[in-house]
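Enquirer:
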Amino acid sequence: MSNRRSFLSRFSAGLAAIGVVAVPTTAVASPEPQSPWKPERHPQDDWLDTLPGKHRFFYDSATPNGAGDAITFTTNFYVANRTGYNLGDQDLAVVICLRHWSTPFAWTDAMWAKYGAPISERIKFVDPKTQQPPTINVYQSTAYGMQLPNRGTTLDVLVKRGVHFAVCDMATRAYAGIIAGKLSLKADDVYEDVRANSIPNCHYVPAGIVAVQRAQERGYSAVQMG
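Residues 26 to 251 in this note's numbering are what the sequence shown spells out, letter by letter.
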């Protein structure tokens, strides 16, 4: 018997003498991996999933210039996807958020004619042609050209392409109170008036900043404008 085998025999005998026995090992199951976190869905946000499209984009604007920039870059988004990828308007789901100081651009010319002065004072924005409070929604007019960041493209044009708008209800209520105070009106009446006279494809959301977050949970890429 070789020295190695003799050693192993004596070693095994010694272990047995002191009561040491080999116990077969049992594989310990790895803990189940936790499921990825998923956000809770709320029915108030389901409209975000109704827009058709292979790609989703959400533009967040909070200033007058930001609203104009959102119009321009949305147009660029459509053009680039058509020329570079051969995608049509129906392939792109686009939402523009109008919140904070861009909120009133969700309202029609009639609302600006009635409430333009207090709105202008609040958002620090004047008609670039007259340097006076606007009496129309300037982003619904082609007459301003390069004087405004939308470069003549109107909100109506985007509506026809399928763009939707997330409008801040919190800001809308705040504006209604400001307008009512300036013009000796009832805030609830002003609030109902502007909501009833909004541009097409508007969705009033509890707060614009919440819509920014909810849209991303629904698969939209988001970018802030202005």
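Backbone N, C-alpha and C define an ideal beta-carbon position, used for all residues, glycine too.
Since I believe F102 is in contact with F83 (beta carbons under 8 Å), could you give me their beta-carbon distance rounded to a whole number of angstroms?
Expert: Going by Cβ atoms, the distance from F83 to F102 rounds to 11 Å, so no, they are not a contact pair.
Enquirer: Kindly indicate which residue of K139, D116, D114 and R147 has the alpha-carbon position closest to the one of T128.
Expert: Nearest C-alpha to T128: R147.
Enquirer: Determine the contact status of P153 and N90, defining contact as a CB-CB distance below 7 Å.
Expert: No, they are not a contact pair.
Enquirer: Return the chain-ordered list of same chain residues with a C-beta closer than 6 Å to the C-beta of A138, the five sequence neighbours on each side being excluded.
Expert: The answer, listed in chain order, is T160.
Enquirer: Please state whether the Cβ-Cβ distance between R198 and Y216 is less than 7 Å.
Expert: Taking 7 Å as the Cβ cut-off, R198 and Y216 qualify as a contacting pair.
Enquirer: For A247, name the three-state secondary structure that DSSP assigns.
Expert: DSSP places A247 in strand when its eight states are reduced to three.
Enquirer: Considering only C-alpha positions, which residue in the set A142, P158, G177 and K79 is nearest to R107?
Expert: Answer by Cα proximity: K79.
Enquirer: Within 10 angstroms of the Cβ of T50, are there 16 or more other Cβ atoms? Answer buried if so, exposed if not.
Expert: At T50, the pLDDT of 44 sits below 50, so the modelled position is not reliable and the matter cannot be decided from this model.
Enquirer: Assuming S86 contacts G251 under a Cβ cut-off of 8 Å, what Cβ separation, rounded to an integer in Å, is found between them?
Expert: The pair is a contact, with the Cβ atoms about 6 Å apart (cut-off 8 Å).
Enquirer: Tell me, to the nearest whole angstrom, how far the beta carbon of A135 is from that of L123; I am working on the premise that it is less than 8 Å.
Expert: So it is not a contact: roughly 17 Å between Cβ atoms.
Enquirer: Report the three-state DSSP secondary structure of F127 (helix, strand or coil).
Expert: According to the sequence provided, residue 127 is Ser. The question's Phe does not apply to it. Helix, per DSSP.
Enquirer: By Cβ distance below 6 Å, which residues in the same chain neighbour R239 in space, the five residues on each side in sequence not counted?
Expert: So the list reads D70, once near-sequence residues are dropped.
Enquirer: Which ranges would you report for the alpha helix (DSSP H) in the segment 166 to 248 if only whole runs of at least 4 residues count?
Expert: You should have 180 to 186, 194 to 208, 212 to 221 and 233 to 242.
Enquirer: Please state whether DSSP places V119 in a helix, a strand or coil.
Expert: It is a strand residue.
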